[in-house]
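If you want our numbering, it's the 1-based position in the sequence shown plus 1335.
Using N, Cα and C, we set each Cβ at its ideal position, and we do this for glycine too.
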Amino acid sequence: MKEKKQLPKQVLTFNGYFIPKRFYHKDKDGFAIVPLAGCKFVNFYKHQKILHYDPARNKGFVTEIKKRMFWKYCFLLLGKSVKFLVKYPSVRRGYREHLKELAEFEK
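Written out as structure tokens, the structure is:
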């Protein structure tokens, strides 16, 4: 499948995750077909479903974008980042104390 390069748009929209589904491509069969070997991220841009097809074995499988999972893990990552920033000073103090104890032990 030939797709024109849209790298700036893909980067700004996180490869289509920030675009509403109504703006996705309307595929004839309900999915886009890409080769199993050699598919690139440009093939997935603005497609709801993708058929990965292997012509050598005459087999394939379908993958579908799951935005709910993407947002779930974004919020989990954000929560872990905030937790890390809040607890960072105490972790840093504990690490320094541990290093001092190790330095004294080695003497």
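By the 16-neighbour rule on beta-carbons within 10 angstroms, Y1430 is exposed. Contact between N1350 and F1366 fails: their C-beta atoms lie close to 17 Å from each other, not under 8 Å.
Excluding its 5 nearest sequence neighbours in each direction, Q1383 has C-beta neighbours in its own chain below 7 Å: K1356, Y1359, E1399, I1400, listed in chain order. Boundaries of the alpha helix (DSSP H) around A1438: 1402-1441. Distance between R1403 and K1381, taken at the CA atoms: about 16 Å.
Setting aside the 5 residues that flank it on each side, Q1341 is surrounded in the same chain by V1377, Y1380, each with a C-beta closer than 8 Å to its C-beta; the list follows chain order. Per DSSP, the beta-bridge partners of L1386 are I1368, V1397.
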